[in-house]
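Just so you know, the sequence shown maps onto residues 450 to 588 in the working numbering.
Beta carbons are placed, not taken as given, at the ideal position from N, Cα and C, and that holds for glycine.
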Amino acid sequence: MSHEGIRIVSQEQAEREAQPEVKLPVDAVTPAKVRVMKTEGTGVEIDWRDGHRSKWTFAWLREACPCATCHEARDADGRKPGIPKAQPATLLPMFKEKIRPLEANAVGKYALRFKWNDGHESGIYSWEYLRRLPEGAEV
Ligand SMILES: [Zn+2]
Numbered sequence: 450m451s452h453e454g455i456r457i458v459s460q461e462q463a464e465r466e467a468q469p470e471v472k473l474p475v476d477a478v479t480p481a482k483v484r485v486m487k488t489e490g491t492g493v494e495i496d497w498r499d500g501h502r503s504k505w506t507f508a509w510l511r512e513a514c515p516c517a518t519c520h521e522a523r524d525a526d527g528r529k530p531g532i533p534k535a536q537p538a539t540l541l542p543m544f545k546e547k548i549r550p551l552e553a554n555a556v557g558k559y560a561l562r563f564k565w566n567d568g569h570e571s572g573i574y575s576w577e578y579l580r581r582l583p584e585g586a587e588v
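This is the structure in structure tokens:
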């Protein structure tokens, strides 16, 4: 008898896999109104069908980019979505242009995609991802 194909998983991983994420109700992940305040340069507000309103600043959303590269970079530093990389205190503050999207587009009916002014545009922010994000800073 072969043991091929048997996967050894840690207790922790086994428990994690046994409890799939709680599925959110459809109304919680369906936006009733989406406001991308591009002209004001502030952020995004979403009114969900269940009545909840979420708000994030653009800077916060940029730091919560769900693409694989940003996700791995955050994982490596143990950062949660929305939290910027710590800057060494000894460096003089450099001028950084305020982060904002040059474009914001819907991806089908399920997501938002931003083309940020730092050139990054690979993150697809699904409604479900957005709804699960904590709210970020004041808009
Ligand atoms: Zn990214």
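Query: Pocket of ligand 1 defined by Cβ to heavy atom distance under 5 Å; Result: C514, C516, C519 and G572
Query: Inter-residue spacing [alpha-carbon to alpha-carbon] between C514 and D499; Result: 25 Å
Query: Residues of its chain near W497, where Cβ-Cβ distance is below 8 Å and the 5 sequence neighbours each way are ignored; Result: D476, A477, V478, T479, P480, A481, S503 and R580
Query: Three-state secondary structure (DSSP) of L473; Result: coil
Query: Buried/exposed call for L510, threshold 16 Cβ in 10 Å; Result: buried
Query: Member of M486, T491, V483 and K564 whose CA lies at the smallest distance from the CA of A586; Result: T491
Query: Where T506 sits in the DSSP three-state scheme; Result: strand
Query: Candidates I548, I495, F544 and V471, of which the one nearest G531 by Cα; Result: I548
Query: Min CB distance A535 to chain D below 8 Å; Result: No chain D is present in this structure, which holds just one protein chain.
Query: Of the residues W565, E584 and S575, the one placed nearest K487, counting alpha carbons only; Result: W565
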